[in-house]
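Input: a single structure, listed below in structure tokens.
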Amino acid sequence: MSHARPLTASDFEAEVINSNVPVVIDFWAEWCNPCRLIAPHVEALAQEYAGKAKVFKVNVDEEREIAEKYNILQIPTLLFFKNGKVVDQWIGTTTKETLARKLEALL
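For the sequence shown, UniProt numbering assigns the number 1 to the initial residue and increments by one for each residue that follows.
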């Protein structure tokens, strides 16, 4: 079972903009090798921060509207939201610890 849930344009406002906890969104695609490298870190964050933050995945090929709205030009890109606004981002691969530090700063 995946803890990082898929996010669509139809549930974006309710899940992200109106969220009362920080939100992390991983923008990815099936064909993206760096996306596969970071996926286990994103999944681990979703599991470890369950109840304290929300972690979502947006497939840029399926949800172009969201990717375009946030000007996602490279993947993987992770956006960190607090109070409905982007407050931090990460582009490319990294360690789980780096991502956890960014999320921890929002709690």
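Where is the CB? At the ideal position from N, CA and C, for every residue including glycine. Please read all numbers here as calculations on a predicted model, not as lab measurements.
With a cutoff of 8 Å on beta-carbon distance, V60 and I38 are scored as not near each other.
In this structure, V24 and A53 form a Cβ contact; the two beta carbons are roughly 6 Å apart against a cut-off of 8 Å. In the three-state reduction of the DSSP assignment, P6 falls in the strand class. Non-local C-beta neighbours of K96 in its own chain, meaning closer than 6 Å and more than five positions away in sequence, comprise H41 and A44, ordered along the chain.
In this structure, A4 sits near F56, with a CB-CB distance shorter than 8 Å. For the 8 Å CB-CB criterion, K69 and L106 do not form a contact.
Of all alpha-carbon atoms in D26, C35 and I17, the one lying nearest the alpha-carbon of A46 is that of D26.
Cβ-Cβ distances below 6 Å link T77 to F27 and I91 in the same chain, with the five nearest sequence neighbours on each side left out; the list follows chain order.
Within its own chain, the residues whose Cβ lies closer than 8 Å to the Cβ of G84, once the five positions on either side in sequence are excluded, are V16, I17, N18 and S19, listed in chain order. When secondary structure is reduced to three states using DSSP, T77 falls in the strand class.
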